[in-house]
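J.:
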Amino acid sequence: MTSGSNRPEPALGERLRELEAPETPGSTERMDQMFSKVKTECDQSDRSLSGFLRSRSTATRRMLVLSVFATLALVGWFAFPLVGDQARTIQWAVSLVSFCVLILLAMFMVTRPVHLPALPRWQSLCLVCIALGATVVAALWPHPAAQAATHEHVGNVMAGACMGVGLLLGVPVYALLRLVDRGNAFGSLVAAAAAGVAGNFVLKAHCAVPGTSHELLGHASVAVLFVVGLGLVHRFVGAK
Amino acid sequence: MDAYVDGDETAFRLLFERYAPILLRLTRRHLRDDELAEEIVQQTFFRLHGARNDFRRGSKLRPWVMTIAMNLVREHWRRTKRRKMTSLEVETQAAPEADFMPLELRQRSELLHVALDKLPTSQREVVELHWFQERPYAEVAQIVGTSEGAVRVRAHRAYSTLKQLLVLEIRGDE
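Residue numbers (the working numbering), protein chains in the order written: chain Y, 1 to 240; chain H, 1 to 174.
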């Protein structure tokens, strides 16, 4: 027995020892069967894209995700027009930075190595709630008067288009995070939240349509739809 | 493990032969379900295979596999919420080793299982790793992801609670 002062008393120790069961008969054959099953699963996994990506080292997986995110962000930033000068306020910049931080945190959570103790559930749930909250707060933030005067009439009409674009942009983010996830608890939910935030990041950076209702319906809803749709569905379907 | 990381296929088999029985005993005691325990052990090796490139050469493999297995066990409890049902199940579900035990020993074993089930998961993990797996506190701390001091406190509380739960029986033995 190991050294240490916090050991059970001898009588309790005797009782605990009774649970140290002997090997069950036929265990060698069973072990062989178990090994063949594991080996088959491993071989199948090695042949798939997700298996290949998941078996990369954690540093490699993180670098890969960061590179893809950075490439997408740079292409999007320079290829498509940003919001007008009057809309580039401090709040706008704070929203974008917050979204970036949330995406990074989600990426670190999803790519957490499985040989480390799993993160407590509340941390993942907290991140998801903060991500949803951040998109709503960003939508509720008042727009500069100069910007609010433009596009006022088309806000709600364009909400559907923004939602579609946001969802479309979030899908590759979700897919990438799921591909490198080795099976962390709440991984699908965190990836869904990250996808929603990524969609919001792009919309916040490029969408020139002002209005709280537009942003709530067209932007913040993207994160909610991802979390409720992909996250929960995948979680419950995956559990079965 | 180093050979396995380098691509030696037979090394995986050797690792399985060495660690699977240890993990099986650990998961059986936790889950009290042979099939489930085997599934968790298989999943542990499957995840080990996926995470092999994270292994630092020269470091110990045992804490690695045990952490993966404990994560899977915790995940299982979280998904099924079965711990709450254990006290109800205990009358109908036999312990894995029950078939090979005399009746009196089986009853004693079940009582002990019930007592262990009453411990919070965090304390039970520590008892499992420290007492049954004979791991030092430092390693237990590494596996469950907390400080050595916290592990010692959990162990002390767990053994005190077990003693209280089994006090009549232990007194009877003495």
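Built from N, CA and C at the ideal position, the CB exists for glycine as well.
Please read these numbers as outputs of a predicted model, since none were measured by experiment.
For a contact meaning CB atoms closer than 7 Å, what does H:ARG74 contact in chain Y?
T.: ALA118, listed in chain order.
J.: At 7 Å on the CB atoms, spell out the chain Y contacts of H:HIS49, in chain order.
T.: CYS42
J.: Measure from the alpha carbon of Y:PHE35 to the alpha carbon of each residue in H:HIS30, H:GLU110, H:ARG18, H:LEU72, then state which is nearest.
T.: Ranking H:HIS30, H:GLU110, H:ARG18, H:LEU72 by CA distance to the CA of Y:PHE35 puts H:ARG18 first.
J.: Nearest to Y:ALA118 by alpha carbon, out of H:LEU26, H:THR146, H:HIS156?
T.: H:THR146
J.: Using three-state DSSP, classify Y:LEU49 as helix, strand or coil.
T.: helix
J.: Tell me whether the beta-carbon of Y:ARG47 lies closer than 7 Å to the beta-carbon of Y:VAL180.
T.: Using a Cβ distance threshold of 7 Å, Y:ARG47 and Y:VAL180 do not count as a contacting pair.
J.: Using a C-beta to C-beta distance shorter than 9 Å, which residues of chain H count as neighbours of Y:THR58?
T.: ALA51, ASN53, ASP54
J.: In this structure, does DSSP put H:ASN71 in helix, strand or coil?
T.: helix
J.: Go through its chain and collect everything with a Cβ distance to H:ARG29's Cβ below 6 Å, but skip five positions before and after it.
T.: none
J.: Would you verify that the beta carbon of Y:MET109 is, or is not, closer than 7 Å to some beta carbon of chain H?
T.: Interface annotation, Y:MET109: not in contact with chain H, CB-CB separation never under 7 Å.
J.: Can you name, in chain order, every residue of its own chain whose Cβ lies under 6 Å from the Cβ of H:ALA94, other than the five neighbours on each side?
T.: For H:ALA94, the predicted structure reports a pLDDT of 44, less than 50, and the residue's modelled location is therefore unreliable. A value from the coordinates is still provided. By the criterion of a C-beta distance shorter than 6 Å, H:ALA94 is surrounded by no residue of its chain, once the five residues flanking it on both sides are discounted.
J.: Give, in chain order, every residue of the stretch 45–75 of chain Y whose Cβ lies closer than 9 Å to some Cβ of chain H.
T.: SER45, ASP46, GLY51, ARG54, SER55, ARG56, SER57, THR58, ALA59, THR60
J.: So the alpha helix (DSSP H) Y:THR58 belongs to, where does it begin and stop?
T.: 58–79
J.: Given that Y:VAL38 touches chain H, what residues does it touch there, using C-beta distances under 8 Å?
T.: PHE16, GLN42, PHE45, PHE46, HIS49
J.: With contact counted as at least three CB pairs below 8 Å, one residue from each stretch, are the stretch 103–121 of chain Y and the stretch 62–72 of chain H in contact?
T.: yes
J.: Buried or exposed: where does H:GLY50 fall if 16 or more other Cβ atoms within 10 Å of its Cβ makes it buried?
T.: Result: buried.
J.: Answer with yes or no whether the minimum CB distance from Y:GLY35 to chain H is below 7 Å.
T.: The sequence shown places Phe at residue 35 of chain Y, rather than the Gly named in the question. Answer yes: the Cβ-Cβ gap between Y:PHE35 and chain H drops below 7 Å somewhere.
J.: Is it buried or exposed, Y:ARG121, if we count other Cβ atoms within 10 angstroms and call 16 or more buried?
T.: Exposed, by the Cβ-count rule.
J.: Output the distance between the C-alpha atoms of Y:CYS162 and Y:SER213, rounded to the nearest integer angstrom.
T.: 12 Å
J.: Can you give me the C-alpha to C-alpha distance between H:VAL140 and Y:LYS204, rounded to a whole angstrom?
T.: 46 Å
J.: To the nearest angstrom, how far is it from the Cα of H:ARG79 to the Cα of H:ARG32?
T.: 16 Å
J.: Y:LEU169: which of Y:ALA193, Y:GLY183, Y:LEU105, Y:PRO210 sits nearest, CA to CA?
T.: Y:ALA193
J.: If distances are taken between C-alpha atoms only, which option among Y:GLY199, Y:SER221, Y:VAL173 comes closest to Y:VAL65?
T.: Taking the Cα of Y:VAL65 as reference, the smallest distance to any Cα among Y:GLY199, Y:SER221, Y:VAL173 is reached at Y:VAL173.
J.: Counting only C-beta atoms, is H:ILE68 closer than 7 Å to chain Y at any point?
T.: yes
J.: Taking only beta carbons into account, state which residues of the stretch 180–208 of chain Y come closer than 7 Å to chain H, listed in chain order.
T.: ARG182, GLY183, ALA185
J.: Taking the C-alpha atoms as reference points, what is the distance between Y:GLY133 and Y:ALA175?
T.: Going from the Cα of Y:GLY133 to the Cα of Y:ALA175 covers about 23 Å.
J.: Spatial neighbours of Y:GLN91 within its chain, please: CB distance less than 7 Å, with the 5 preceding and 5 following residues excluded, ordered by chain position.
T.: TRP141
J.: If we ignore side chains and look at the alpha-carbon of each, how far apart do Y:GLY303 and Y:LEU102 end up?
T.: Residue 303 of chain Y lies beyond the residue range present for chain Y, which begins at 1 and ends at 240; the question has no answer from this structure.
J.: Could you please tell me which residues of the stretch 20–32 of chain H, in chain order, have their CB closer than 9 Å to any CB of chain Y?
T.: ALA20, PRO21, LEU24, ARG25, ARG28, ARG29
J.: Taking C-beta pairs closer than 7 Å, name the residues in chain H that Y:VAL114 reaches, listed in chain order.
T.: ARG47, ALA51, ILE68, ASN71
J.: Please compile the residues from chain Y whose C-beta is within a distance smaller than 7 Å of the C-beta of H:TRP64.
T.: Within 7 Å of the CB of H:TRP64, the CB atoms of chain Y belong to HIS115, in sequence order along the chain.
J.: Let me check understanding here. Comparing Cα to Cα, which of Y:ARG178, Y:CYS42, Y:ALA191 lies closest to H:PHE12?
T.: Y:CYS42
J.: With 7 Å as the threshold, decide whether the Cβ of H:SER87 is near any Cβ in chain Y.
T.: Residue placement at H:SER87 is flagged as unreliable, the pLDDT there being 45, under the threshold of 50; the coordinate-derived value follows with that caveat. The beta carbon of H:SER87 does not come within 7 Å of any beta carbon belonging to chain Y, so the residue lies off that interface.
J.: If the cut is a Cβ gap below 7 Å, which residues of chain H does Y:ARG178 touch?
T.: Residues of chain H passing the Cβ test: none, with the nearest at roughly 14 Å.
J.: Go to Y:GLN91, then tell me how far its alpha helix (DSSP H) extends in each direction, as first and last residue.
T.: 90–110
J.: In chain Y, which residues lie with their C-beta within 7 Å of the C-beta of H:GLU38?
T.: MET34
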